[in-house]
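Read through the structure below, which is laid out as structure tokens, and then see the notes.
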Amino acid sequence: MIVMELKSADDILSMLEGKQRIVLFGDSGCAQLCDVGGILQLEDMEDLLRAHGKEVLGYVFVEGGICDMNALRQAVAESSAIIRQADALLVQACGVATQTLTQLLPDKESFPATDSEFLGNMPERHHHYEQCALCGECILHLTGGICPIARCAKGILNGPCGGSVDGKCERDRNTDCVWQLIYERLKSLGKLENIRRIWEIKDWSKAKGPRAVVHLEE
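Heads up: the sequence shown at position 26 corresponds to 25 in numbering that gives the first Met the number 0, and the numbers run straight through without jumps.
See the structure below:
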């Protein structure tokens with residue numbers, strides 16, 4: 000999931016300066032899981048904006064994700080009456096969502112209510128941890144399912160740096176050294192020989208953007 004946080008109230012109000020009639024956007028995907036764009040958060044944002052003199056015309060809640068153009072198009076069609084009246088669209092979801100809405104409604108100005116942080120998981124409520132760097136060439140089959148690029152503060156691909164102590168990262172002593180985790184994992188799998196393969200120089204050209212993937216139907 001894309002992990003994100005709401006911008007501060009001051010930042011949001013600053014973005015919307017000069018805009019009076021607002022429509023809010025949220026979804027049941029990453030935005031709701033991150034507690035930034037679910038129904039409750041949309042209602043909280045409505046209260047905030049109204050307290051500062053804004054007119055909130057309503058909200059559009061997309062089942063799934065705003066980044067799904069088809070789902071967004073249907074939701075927008077159902078709320079077209081209020082969207083037509085809006086000065087601004089405030090998107091309580093990731094940056095992809097804001098851009099998708101901009102592409103669908105180019106005559107309206109869309110504003111991001113959140114800062115997208117990373118791609119991660121949620122082992123428990125309100126706790127999110129970075130897991131993937133979207134590097135374009137996954138090597139998890141070599142590392143026992145643990146990503147050294149996303150989970151190493153230095154993105155090192157040739158083993159631990161010299162700063163780790165007692166299996167902890169030198170940057171944050173509360174964080175496990177990912178290379179210690181990889182070593183222990185490969186050892187338990189009987190695949191320590193994979194370490195030598197991981198040391199090969201990575202082709203970073205696959206991580207350059209903007210990227211596109213088209214899945215063709217057979």
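Where a beta carbon is used, it is the ideal one built from N, C-alpha and C, also for glycine.
State the beta-bridge partners of residue i as determined by DSSP.
{"i": "V35", "result": "Per DSSP, none; premise fails for V35."}
{"i": "T113", "result": "L5"}
{"i": "A87", "result": "I21"}
{"i": "L118", "result": "I1, C131"}
{"i": "K167", "result": "V164, D175"}
{"i": "E123", "result": "H126"}
For the alpha helix (DSSP H) containing residue i, name the first residue and the last one.
{"i": "T99", "result": "94–103"}
{"i": "P147", "result": "147–150"}
{"i": "N157", "result": "From DSSP, N157 is part of no alpha helix (DSSP H); its letter is neither H nor E."}
{"i": "V75", "result": "68–77"}
{"i": "V177", "result": "177–188"}
{"i": "I197", "result": "193–197"}
Considering just the uninterrupted stretch of the beta strand (DSSP E) at residue i, what are its terminal residues?
{"i": "Q130", "result": "126–131"}
{"i": "L210", "result": "It should be noted that the sequence gives Arg, not Leu, for residue 210. From DSSP, R210 is part of no beta strand (DSSP E); its letter is neither H nor E."}
{"i": "I21", "result": "20–26"}
{"i": "V55", "result": "54–61"}
Between residue i and residue j, what straight-line distance do the alpha-carbon atoms span, to the nearest angstrom?
{"i": "G208", "j": "D106", "result": "26 Å"}
{"i": "A112", "j": "M14", "result": "9 Å"}
{"i": "S163", "j": "L23", "result": "45 Å"}
{"i": "C93", "j": "S115", "result": "6 Å"}
{"i": "A8", "j": "R184", "result": "43 Å"}
{"i": "I197", "j": "F117", "result": "23 Å"}
{"i": "A80", "j": "Q130", "result": "41 Å"}
{"i": "W203", "j": "L139", "result": "16 Å"}
{"i": "P122", "j": "L32", "result": "12 Å"}
{"i": "L191", "j": "T142", "result": "9 Å"}
{"i": "M0", "j": "L133", "result": "12 Å"}
{"i": "Y128", "j": "G166", "result": "18 Å"}
{"i": "R150", "j": "D175", "result": "9 Å"}
{"i": "K201", "j": "E16", "result": "45 Å"}
{"i": "D43", "j": "K53", "result": "13 Å"}
{"i": "G158", "j": "R210", "result": "29 Å"}
{"i": "D46", "j": "S78", "result": "20 Å"}
Looking only at its own chain, which residues have a Cβ that is under 7 Å from the Cβ of residue i, when we skip the five neighbours before and after it?
{"i": "G63", "result": "D26, S27, G28, A70"}
{"i": "L48", "result": "I21, V55"}
{"i": "V177", "result": "I145, P147, R150, C151"}
Using a Cβ-Cβ cut-off of 6 Å (strictly less than) and excluding sequence neighbours within five positions of residue i, which residues of its own chain qualify?
{"i": "Y58", "result": "L23, L41"}
{"i": "C66", "result": "V95, A96, T99"}
{"i": "K18", "result": "D86, A87"}
{"i": "V35", "result": "M3, L5, Q91, T113"}
{"i": "K205", "result": "G135, E136"}
Apart from the five residues on each side of it in sequence, which residues of its chain come closer than 8 Å, Cβ to Cβ, to residue i?
{"i": "G161", "result": "none"}
{"i": "D10", "result": "none"}
{"i": "H126", "result": "none"}
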